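Working notes, beginning with the structure itself.
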Amino acid sequence: MKETDLHFFIDSTLNYFDEVTDEKAVTGIPYIKSDEPVVLDYTGIIGISGKRKGSIYITASAEMLKQMGKVILHTDDLTDDDIKDLIGEIANTISGNVRTAYGSDFMISVPVVVEGHARDISMPEDLQSFVIPITWNNFQSFLVVCLE
Amino acid sequence: MIMDKASDKIEIDTRNYSDNFGSSRHQLLQILDALDTGIFFLNPELILDASHSKFFSDIFEPETVTHRPFLELLENKVSEKTLEEAQEYLNFMFMEEHDEMTIADLNPLKKIELHLSDENGMWKASKHLSFKFKRIREEGRINYVMGMISDITSQVEQTKKLADFEKWSKRQIQWLLSLLHIELPLLKEFITVIEYELNHIDKLLKSTQSTTDHAAVFTKIAKSCYHINSTAMILDLDFFTKESSDFKDEVDEIKSRENISGQDFIPVVIRLGKMQKMLNEIKDLLSHIKGLNNSIRTTRRFDGGLLIRLIENIIKNLTDSTDKKIQLKYHKFNNMSIPFKYKQIVKEFLIVLTRFVIEFGIESSEKRKSLNVNPFATIEIESKFEKKSFVLIFRHDGNIMRIERLLQESVSAEMEKLGPPETVEESMHPGIDVMRLFFTPDFSTSENLGTTEGMEIMNDFDMVKKKLKMHGGRIKVTFTSESFSEYTVTFPYFVKKDK
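Chains as they are written, first to last, in the numbering used here: chain H, 20 to 167; chain X, 2 to 500.
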């Protein structure tokens, strides 16, 4: 994976936070994912295939998503489904940006939302995955990128 | 070639059958099933006909294919661009005004990769398919388009494997040529050091998430990069030196920025990943070359000559652009006496110390003349066995006052931790404080030197210190006279007793 790819995914994610919540998110120090799971309460996953293959996911805590929901929807009354929709929307936004930037030669899957952090999200074994911690409003989430 | 011939045969057969399309369809499919070729028919709305070969439906299993829009079957399996182009081409196939042969080149499905996903929509495998389309006329009108599909997965994968293997083997041969001149224990040590430093950077990235002092993290990463680069340089591993040198330069550049953010670590993590991959490949390669390496190992006498020549080259390179003149004396140095396991550390120690002494200790010939000493400075190396130990002595007659000035700020604080010098003679020498600091394992001198060269040398020192500690070696700095400084390194050496 190239440096520009990683920058692109990070910028897409940061822009989402900035535009939707009016509050900037900050990138932490990225690292290479080991066998240790990087999964919080809710995870939105998108698959990429075509000229280059891989997958990207964003994982966040329920607290963070509830807080985001409050800011976006102006309500405290958020159901589990609302929270799932929210993480799905973040993944969808990244997916849309990837589609726009990488062109129609790439195939981007519809985001899949996974709830709970008992297991790790499986990524292509032969590729390195990069973890980018993202802090928004003192809540930490992780963007995990794995691309050929 | 065989596939093309088979395909041509099918075309001829199907063309014959197409004249009596309706009545012969069942018979045609039976024949085509036997030929292991996918056949299907599309109406002008591009809907799949109920008649299709088993081979075709098997490709899209478990999805049902009958009466489905053909392009829907390909959705999320090929790119949107391919789908759009396919729709356009297939519509042309039903238009009389377009010549079938002429538009054949527009077929976007001539060779495609079909992406198969798991239940979450993640890519799990690919099938490479080749589609050909033919018009089917009934009463002179184009009523159907017949699609023929061949699975070329194994052919494409073999071609890709072959290309990858060719690329891989070319790289491996280049690496192998670089690795073969290095003795196996030295290579193993190289791998240990590189692995340690790469893991160190990896751990740093993971463990410093809460820090806001990104510059401090970069300083630590830079240090590991210097170690990696120096280690590769010492072994003359060009391919690794190039990569580690780029890594080092990039880290240096980022380190010098005013405001460092989390995103500035992206090039580091990408390079780290690349170097980890390289190291794994070297490890893999090493496991294959053990026997080969042993069989073409250079003789120790020849290797000894290389070591002296290496030191001479360092002296020449470092003094060429200066007015420093140095003579190397090595008549008391016997390379063949160096215990095998200490060969690498001895080599590194001599290189680092030579660079250090030339950079900071030895004055220009003019300066030496003005001090009324021989304008040619002397570096002398010696090896011997003493009390079950292997002893390496490095002696020079340069002045080390300059380093003391460079390190002046750090000296007082660090000296308190070190305590008084061991002998009166040592305590009298102006450079003793500095010398002792260099060889104190936990003291990092690298931040105290302004020049890049100085910093690199000090980082090399750190590395040698670590290795020395790893081998259980000791170093002592003494001053044999007013004009000579002497570094004595002692390594434990136990000779096995004969039974």
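Quick reminder that beta carbons are idealized off the backbone N, C-alpha and C, glycines included. Since the model is a prediction, treat every value here as computed from it, not as a measurement.
- In the structure shown, X:Asn144 adopts extended strand secondary structure according to DSSP, grouped into three states.
- Here the C-alpha atom of X:Asp59 lies approximately 28 Å from the C-alpha atom of X:Phe93.
- By the Cβ-count criterion, X:Asn108 is buried, with 16 or more other Cβ atoms from all chains shown falling within 10 Å of its own Cβ.
- Leaving aside the five residues that flank X:Leu329 on each side, the residues in its chain whose CB is nearer than 7 Å to its CB run, in chain order, Ile312, Glu313, Ile316 and Ile380.
- By the neighbour-count criterion, in which a residue is buried when 16 or more other Cβ atoms sit within 10 angstroms of its Cβ, X:Lys344 is buried.
- About 6 Å separates the beta carbons of X:Leu354 and X:Tyr488, which is inside the 8 Å limit, making them a contact pair.
- Within the same chain, Ala44 come within 6 Å of H:Leu33 by CB-CB distance, once the 5 residues on both sides are set aside.
- The C-alpha of X:Ala233 is placed about 14 Å away from the C-alpha of X:Tyr197.
- Residue burial annotation: X:Lys389 is exposed, with fewer than 16 other C-beta atoms found within 10 angstroms of its C-beta.
- Here X:Met149 is near X:Thr38, since their CB atoms are less than 8 Å apart.
- Considered as a whole, the stretch 62-86 of chain H harbours 73-79 as its complete beta strand (DSSP E) runs of no fewer than 3 residues, in chain order.
- Cα atoms of X:Arg475 and X:Ser231: separation of roughly 22 Å, rounded to the nearest angstrom.
- Counting C-beta atoms within 10 angstroms of its own C-beta, X:His397 has 16 or more neighbours from the protein chains shown and is therefore classed as buried.
- In this structure, X:Ile359 keeps its C-beta atom at 8 Å or more from the C-beta atom of X:Val347.
- In summary, X:Ala217 is exposed, with fewer than 16 beta-carbon neighbours lying within 10 Å of its beta-carbon over all protein chains present.
- From the listed residues X:Val66, X:Trp176, X:Phe492 and X:Leu130, the smallest Cα separation to X:Phe350 is found for X:Phe492.
- X:Glu73 carries a helical assignment under DSSP once its states are collapsed to helix, strand and coil.
- Judged by DSSP in its simplified three-state form, X:Thr379 adopts strand.
- Listed in chain order, the beta strand (DSSP E) elements of length 3 or more contained wholly in the stretch 102-169 of chain X are 113-118, 124-139 and 142-152.
- Taking the beta carbon of H:Lys72 as reference, the chain X residues within 9 Å of it are His116, Trp124 and Ser127, listed in sequence order.
- Cβ-Cβ separation between H:Tyr61 and H:Ile106: approximately 4 Å, consistent with a contact (criterion under 8 Å).
- For X:Gly39, the secondary structure class from DSSP, reduced to helix, strand or coil, is strand.
- The alpha-carbon separation between X:Val252 and X:Arg258 amounts to approximately 10 Å.
- Counted as a single uninterrupted DSSP element, the beta strand (DSSP E) harbouring H:Phe161 occupies residues Phe158 to Leu166.
- Identification of residues in the stretch 76-89 of chain X having a C-beta nearer than 7 Å to some C-beta of chain H yields Asn77, Ser80, Glu81 and Lys82, given in sequence order.
- Close to X:Ile267, with beta-carbon spacing below 7 Å, are these residues of chain H in chain order: Glu22, Leu25, His26 and Pro49.
- Under the Cβ distance rule, X:Asp203 counts among the residues neighbouring chain H, one pair being separated by less than 8 Å.
- The contact set of X:Leu206 on chain H, defined by CB atoms closer than 8 Å, consists of Ile48, Pro49, Tyr50 and Ile51 in chain order.
- Only residues of its own chain outside the window of five on either side were considered, and among them Ser131 have a CB closer than 6 Å to the CB of X:Lys112, listed in chain order.
- Taking 8 Å as the threshold, the shortest C-beta distance from X:Thr160 to chain H does not fall below it.
- Taking a beta-carbon distance threshold of 8 Å, X:Gly274 counts as an interface residue toward chain H.
- Residues of the same chain with a CB within less than 8 Å of the CB of H:Asp124, apart from the 5 flanking positions on each side, are Gly69 and Lys70 in chain order.
- X:Glu364 counts as buried, since no fewer than 16 other beta carbons sit within 10 angstroms of its beta carbon.
- Judged by beta-carbon spacing, H:Gln86 lies within the 8 Å limit of H:Phe158, meaning their Cβ atoms are closer than that value.
- Shown here, H:Thr46 sits in a strand according to DSSP, grouped into three states.
- Around the beta-carbon of X:Glu76, fewer than 16 other beta-carbon atoms lie within 10 Å, marking it exposed.
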